[in-house]
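J.: Counting in my numbering, the final residue of the sequence shown is number 409, and the numbers go up one at a time with none missing. Beta carbons are placed, not taken as given, at the ideal position from N, Cα and C, and that holds for glycine.
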Amino acid sequence: MERLLARYAAVRKHTLALAEPLSDEDCGAQSMPDASPIKWHLAHTTWFFETFILERMERDFAPFHPAFRILFNSYYNGIGEKHPRAQRGLLTRPAMAQVRAYRADVDARIARLIASAPSAELDMLLTLGMQHEQQHQELMLTDVKHLLAQSLLRPAYMEIPLPAAAPAAPLAWIAFDGGLTEIGHNGDGFSFDNELPRHKQYVAPFALASRLVTNGEYLDFINAGGYFNAALWLAEGWDWARTQNLKAPIYWFQDETGAWQEFTLHGPQPLDLNRPVTHISLFEADAYAHWAGARLPTEFEWEYAGTLAPLETGSLHPSGAGAGAGLQQMFGHCWQWTSSSYAAYPGFAAAEGALGEYNGKFMLNQYVLRGSSSATPEGHARASYRNFFPAGARWQFTGIRLARR
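Structure, rendered in structure tokens:
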């Protein structure tokens, strides 16, 4: 149990470290309904441990604050009422100091529970809670990036230089034979329920691009009029792009000289043509793929190839592929859109109770992304991981991997 407590403490410490560069004002603001304030993330991840572990297992349980049960419930209808998601930024109270006190209180009680009442169920729930918190660690970075980008000051989250990437090798095609294969988590270590059950899936022969699409390649698409060519776009995507008058990825802008810049967690940077294009919607990724004479991979093709790729961990912004050969940038750079709708695997069964709401109820009107991003915490990625977003989502670290027959 000492190892379990050490893992728990490390995850919780890392979450606080992500908030350290921010002011209390930064932590309380919400830039859009789909993002959450940093303060809310800090409290909600604590609420998860309090609600699903302490409330079940602690003798003489009493909540840190009764109102927190509603304020920091995200989407668990089985738990009860929820504060409206779009109004999380209106919560000036509790203050950050009280949220930190909430975290410290729950952490101390979890430590006592681990020491006094170890069990397989506790181990399982703590592991799920830690994986849940790691998901929020990535969301904290994507949400704060969107927040900081709203200011004309364009402040940096981290005042760390972002060096130029090495020139990218020409895109090559890596062929795979396909065939009848097994898809889903293999049972070694943790998985979310949407990665199960492991099942057989036929994959036709296919090829994947050796690396992600770069900013330079995507700029060619823009210069070729890609945002204004209806023939390249899905019908809903065309309406989506034209309604918003989109002309480029969400964090691209042109300076007074017309040169392209990109807002990053390091602040504004000259557009690096050798880094992967990121913060791309499914609509944009699909349009680019059509323009490039290719397509997006299915999630099964991606997993077939991804099981052979090394795990990488990123650092705030996607890195360039450089001159390497073979299949690159599968992990640690950008989540990669697939053409697969997010749906249950054959035989999927959600857990009983409120925890069964974790994934299954979102299996509608979403697309699957595979891999991991530069914001994904170390140890959180695996080939069977299924991320999912609506087709118009573009505030996450999402990129483009091309495929073809």
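Using a Cβ-Cβ cut-off of 6 Å (strictly less than) and excluding sequence neighbours within five positions of H136, which residues of its own chain qualify?
T.: Result list for H136: F52, in chain order.
J.: If we ignore side chains and look at the alpha-carbon of each, how far apart do A347 and G262 end up?
T.: Answer to the nearest angstrom: the Cα atoms are 43 Å apart.
J.: My understanding is that I42 touches M144, with C-beta atoms under 8 Å, so please give their C-beta distance in whole angstroms.
T.: At roughly 6 Å, the Cβ-Cβ gap stays under 8 Å, so I42 and M144 are in contact.
J.: In whole angstroms, what separates the C-alpha of G297 from that of V281?
T.: Spanning the two alpha carbons is a distance of roughly 18 Å.
J.: Put L300 into one of helix, strand or coil per three-state DSSP.
T.: Looking at L300 - three-state DSSP - the assignment turns out to be coil, as it is neither helix nor strand.
J.: Please list the segments of the alpha helix (DSSP H) lying wholly inside the region 276-341, counting only runs of 4 or more residues, in order along the chain.
T.: You should have 286-295, 303-310.
J.: Helix, strand or coil: which one does DSSP assign to Q273?
T.: Here Q273 sits in strand by DSSP.
J.: If you count every other CB in all the chains shown that lies within 10 Å of the CB of L216, and 16 or more means buried, which is it?
T.: That one is buried.
J.: In whole angstroms, what is the alpha-carbon distance linking A385 and Q139?
T.: If you take the alpha carbons of A385 and Q139, they lie about 10 Å apart.
J.: Please state whether the Cβ-Cβ distance between N363 and F196 is less than 8 Å.
T.: Yes, the Cβ-Cβ distance between N363 and F196 is below 8 Å.
J.: Can you tell me which of G310, R60, A23 puts its alpha carbon nearest to the alpha carbon of H189?
T.: Nearest C-alpha to H189: G310.
J.: Can you give me the Cβ contacts of F392 inside the same chain, cut-off strictly under 6 Å, excluding the 5 residues immediately before and after it?
T.: Excluding positions up to five away in sequence, the list reads Y346, Q370, V372.
J.: Per the DSSP calculation, G229 is bridged to which residue(s)?
T.: Note: G229 sits in no beta bridge, so no partner.
J.: Quick check on this structure: which residue in E54, H69, H48, M162 has the alpha carbon closest to the alpha carbon of L26?
T.: When each option's Cα is compared against that of L26, the closest is M162.
J.: If V207 and E305 are in contact, beta carbons under 8 Å, what's the gap, nearest whole angstrom?
T.: Correct: roughly 6 Å between the Cβ atoms.
J.: Tell me the DSSP secondary structure of S343 in three-state form.
T.: Strand.
J.: Tell me where the alpha helix (DSSP H) around E240 begins and ends.
T.: Residues 239-247.
J.: Count the other CB atoms within 10 Å of the CB of R7; is the residue buried (16 or more) or exposed (fewer)?
T.: The residue in question, R7, is exposed, as its Cβ has fewer than 16 Cβ neighbours within 10 Å.
J.: Within 10 Å of its beta-carbon, does H203 have 16 or more other beta-carbons around it, so buried, or fewer, so exposed?
T.: Exposed is the call here.
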